[in-house]
Amino acid sequence: MNMGKILENTFEDTDGDGSQYLTFILADEEYGVEILRVQEIRGWTKVTPMPNQPSYLRGVINLRGNIVPIIDLRERFGIESMEYGATTVVIVIRVESEGAERIMGIVVDAVSEVYTVSDSDCQPPPDLGNAIDEQFVNGLVSVDEKMVILLDVDLLLHEGVLDSAA
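Going by the working numbering, the sequence shown wraps up at 1310, each residue one higher than the last.
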């Protein structure tokens, strides 16, 4: 996987009517997060477990002197876990909570692409049942004949996560 190729054109000028999203794979579904929230993409490395934390909080890593909590999105979404492999990555994301910015990592199956999405192409989320809490979904967009679920990382990583990781 060539991370540089994925990110090489991420800061192209858009027409002002859209945003760029880094997409990733999780249980054969494609999800996206705003590229401006992504600090870096790292290969999976062992984390230091923390006691008395929810199962989706895998532990912490030391990232250039900063302690960064690592969240397994499969666990967070209640999706069956799988063994981490060669394509498993940690996307380090900036999350805003109560006026402050925090850095967190999310474990995903693989990184996919960067897409520019027009605001007008983004559709509201339908009732997804128990698959994912709708409040974490900003919308859905069809890109290259596939559906991408756009996530609200602030809500996704704040609700119950930041309290546990604090």
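Note that the Cβ used here is the ideal one computed from N, Cα and C, for glycine as well. For clarity, every value in this text was computed on a predicted model and none was experimentally measured.
Asked	Found
According to DSSP, is Val1233 part of a helix, a strand, or is it coil?	strand
Given a cut-off of 8 Å on the beta-carbon distance, is the pair Ile1214 and Gly1203 in contact?	yes
In terms of DSSP beta bridges, what is Gln1197 paired with?	BP columns for Gln1197 are empty, so no partner.
Suppose you measure from the CA of Ile1185 to the CA of Ser1264; what does that come to, to the nearest Å?	28 Å
Could you tell me the boundaries of the beta strand (DSSP E) in which Val1281 lies?	1281-1287
Which partner residues does Leu1166 have in the DSSP bridge list?	Val1177, Val1258
Using the Cα positions of Thr1231 and Pro1268, report the straight-line distance between them to the nearest angstrom.	30 Å
Under a Cβ-count criterion, where at least 16 other Cβ atoms within 10 Å of its own Cβ denotes burial, should Thr1158 be classed as buried or exposed?	Residue confidence for Thr1158 is low, a pLDDT of 45 falling below 50, so the modelled location carries little weight; the figure read from the coordinates is stated next. Exposed, by the Cβ-count rule.
When the Cα atoms are used, what is the spatial distance from Glu1242 to Leu1299?	11 Å
Determine the contact status of Val1234 and Gln1164, defining contact as a CB-CB distance below 8 Å.	no
Based on DSSP bridge pairs, tell me the residues matched to Arg1186.	Val1234
Residues in its own chain within less than 7 Å of Glu1219 by CB, not counting five upstream and five downstream?	Ser1199, Tyr1200, Ser1225
What's the gap between the Cα of Glu1152 and the Cα of Leu1294?	Residue placement at Glu1152 is flagged as unreliable, the pLDDT there being 43, under the threshold of 50; the coordinate-derived value follows with that caveat. When rounded, the distance between both Cα atoms is 21 Å.
For Glu1240, which beta-bridge partners are listed by DSSP?	Glu1245
In whole angstroms, give me the CA-to-CA distance for Glu1289 and Pro1195.	43 Å
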